[in-house]
Ligand SMILES: Cc1cc2nc3c(=O)[nH]c(=O)nc-3n(C[C@H](O)[C@H](O)[C@H](O)COP(=O)(O)OP(=O)(O)OC[C@H]3O[C@@H](n4cnc5c(N)ncnc54)[C@H](O)[C@@H]3O)c2cc1C
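Residue numbers (the working numbering): 22 to 515.
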């Protein structure tokens, strides 16, 4: 055991999971968070009787949370409860078709056959390939630093290469899906998984098809009380273990000497630490905390993931056709991604995501007979667009789309409205350009281009969270925390 001091910059999910793991390795861990609440993007708020999760809404891989409680030998049930969903998502198309994506494979296959005439065999084959890719290749990405030499010797890389289908490397996700399914509706449905890390399915590698494995082979889940329960559970566990949190204080600088981390500056005071882990966006870490313009510029060169407009609407009505997760697809997905990543122009028929936690806990997140709608459209990362004008544009585009598909006029039912924009995502969580998931995966080498979880220049400096390997959106960066803790264990304990 060690009594070395670790300072973690940021109490996002990645920061808290790292704090728990390093505390269990015997470190004295102190977390500085600029906001006065934990969770970063995974926070929530209440207004006029409605409760809204602010950021992430889809919960997969609960084992990544269970693992933390197992390591800590704490009973998870005293902190956190969750249930498996029967329906992963309801997909609405403009022509009136609605596909219910059941988590039970047989039910899903039967639904696809009934609604799109897709032979069930195509779904089974796709999900089998996704499972194999995830188990042989995906887990290497999620459990190991791709930038550490040790990975070459410890991870089952040769077996993975043997299993690697060339299509995963050389085809885009869209091209791969177009050969897997006959129905364009299903190509679009499975293309959507590229958006889970803010990428473009027409450019991102077919390897991302393994994301479908998580939802459709392993399952989609719902944390009792909403996504905020994940933040609350991690925070309570960390506090119980003795991690110290200081809220409302920004780290101003990471102090280094002779390529060795020495500590941080907070409120103009120097605090010493043998190890510093930054849960802050890696670009801002280099630019603001290390004043390293060269490295910041290198990170900046990589394409950012998409950002989002989120409208939090308190709806004075209940909509029985909707479920927890609902997607209203754009009629021209390719043009939508072209607008998102190439032209940057507003897109008038965007794909709309509506999340309603009150569906699973009626009366708990909205007054009875009403609903808490989290309404999200993907938009380009912030490059100084006129977001006030775009807010009105997207609000009208969303209302137009939902009215058409739901056959109702939803606007009069919106009795509460709040907004999260690329600008507020950036200011609240210091995420460069308001990107939801750091850099995009719009190239074949993107996974290798992501910033490593450690500094190659400064010993004792580590990075965790959405902007570094393995990236945001990959179940809440919890894998990233495990990689950082393993790197530290390897370096200081073996
Ligand atoms: C709208 C939205 C929807 C999403 N949907 C999903 C989803 O459905 N599923 C999924 O898996 N992921 C999703 N994501 C991504 C997910 O939210 C993140 O991957 C996850 O929350 C982990 O974030 P993080 O650890 O990188 O830290 P963040 O949440 O970005 O937290 C970083 C923390 O560092 C703090 N900080 C920054 N600078 C300093 C400083 N100098 N000093 C002190 N503190 C500082 C910030 O205030 C913040 O609290 C979504 C994100 C958003 C915004």
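No residue lacks a Cβ here, since even glycine has one placed at the ideal position from N, Cα and C.
In whole angstroms, what is the alpha-carbon distance linking residue i and residue j?
i           : j           : result
residue 43  : residue 506 : 6 Å
residue 344 : residue 111 : 7 Å
residue 206 : residue 137 : 8 Å
residue 233 : residue 66  : 30 Å
residue 335 : residue 299 : 36 Å
residue 278 : residue 157 : 41 Å
residue 311 : residue 508 : 21 Å
residue 346 : residue 378 : 9 Å
residue 51  : residue 270 : 12 Å
residue 399 : residue 290 : 40 Å
residue 132 : residue 120 : 7 Å
residue 140 : residue 256 : 46 Å
residue 340 : residue 361 : 30 Å
residue 91  : residue 98  : 11 Å
residue 435 : residue 365 : 29 Å
residue 162 : residue 79  : 21 Å
residue 32  : residue 118 : 42 Å
residue 191 : residue 441 : 36 Å
residue 403 : residue 418 : 20 Å
residue 56  : residue 28  : 16 Å
residue 88  : residue 471 : 25 Å
residue 145 : residue 82  : 21 Å
residue 459 : residue 303 : 9 Å
residue 438 : residue 387 : 13 Å
Which of the three DSSP states is assigned to residue i in this structure?
i           : result
residue 435 : strand
residue 108 : strand
residue 455 : helix
residue 228 : helix
residue 470 : helix
residue 588 : Since the first residue shown for the chain is 22 and the last is 515, residue 588 is missing from the structure and cannot be characterised.
residue 319 : helix
residue 30  : strand
residue 82  : coil
residue 301 : coil
residue 125 : coil
residue 388 : coil
residue 336 : strand
residue 273 : strand
residue 406 : coil
residue 9   : No information on residue 9 is available, as it lies outside the stretch 22 to 515 that the chain covers here.
For residue i, would you say it is in contact with chain B, using Cβ-to-Cβ distances shorter than 9 Å as the test?
i           : result
residue 451 : The structure shown contains no chain B; it holds only a single protein chain.
Please list, in chain order, all residues of the same chain as residue i whose beta carbon is under 7 Å from its beta carbon, the five residues on each side excluded.
i           : result
residue 93  : 41, 45, 258 and 262
residue 502 : 35, 38, 39, 42 and 485
residue 22  : Low confidence applies to residue 22: its pLDDT is 49, below 50, so where it sits in the model is not reliable enough to give any reading.
residue 478 : 280
residue 394 : 334, 336, 375 and 377
Once you ignore the five residues that flank residue i on each side, which residues in its own chain have a CB closer than 6 Å to its CB?
i           : result
residue 397 : 329, 331 and 374
Please list, in chain order, all residues of the same chain as residue i whose beta carbon is under 8 Å from its beta carbon, the five residues on each side excluded.
i           : result
residue 267 : 51, 52, 53, 54 and 287
residue 430 : 424
residue 189 : 154, 158, 197, 226, 227, 228 and 230
residue 480 : 280, 281 and 282
Exercise. Quick one: any contact between the region 406-417 and the region 352-361, if contact means 3 or more CB pairs under 8 Å?
Worked result: They do not touch, by the three-pair rule.
For this session: Give a yes or no on contact between the region 225-245 and the region 120-129, applying the rule of three or more CB pairs nearer than 8 Å.
Result: With a cut-off of 8 Å, the region 120-129 and the region 225-245 count as touching, because enough Cβ pairs lie within range.
Problem set entry | At least 3 beta-carbon pairs within less than 8 Å: the region 94-107 vs the region 422-442 | They do not touch, by the three-pair rule.
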